[in-house]
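First up is the structure itself, then whatever we jot down about it.
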Amino acid sequence: MTDLRQLDPVHVGRTLGYKLWKAIVSGVTDDLFHLKDSVALHAPRNERLAIRERIDQTLENHGKVAWRLER
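Printed below as a string of structure tokens:
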């Protein structure tokens, strides 16, 4: 027999909130690791423009996340 369960409204809210928050944090973390890896790649070559572009992209991405969270 299949174990079917229903979550009560409190647990639905908690579960949904956790999963949404986890997705947001995961996106921000991925972005930061991308920035770190990009700096590690371009710094030894003194490719400042590439680093600056990655910083700008990271800031733009984080700005979008902040805007979504404020809504």
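Heads up, the sequence shown stops at 1034 in our numbering, and the numbers go up one at a time, no gaps. Where is the CB? At the ideal position from N, CA and C, for every residue including glycine.
Let's test the definition: count the other Cβ atoms within 10 Å of the Cβ of residue i and tell me whether it reaches 16, buried, or not, exposed.
i       : result
Arg1015 : exposed
Arg1017 : buried
First and last residue of the alpha helix (DSSP H) that includes residue i?
i      : result
Ala986 : Pro972 to His1005
How is residue i classed by DSSP in three states: helix, strand or coil?
i       : result
Gln1020 : helix
Glu1033 : helix
Quick check: the Cα distance between residue i and residue j, rounded to an integer number of angstroms?
i       : j      : result
Ala1006 : Tyr981 : 37 angstroms
Comparing alpha-carbon positions, which option in the options lies nearest residue i?
i       : options                              : result
Thr1021 : Glu1010, Lys999, Asn1009 and Leu1032 : Lys999
Ser989  : Gln969, Val1002 and His1025          : His1025
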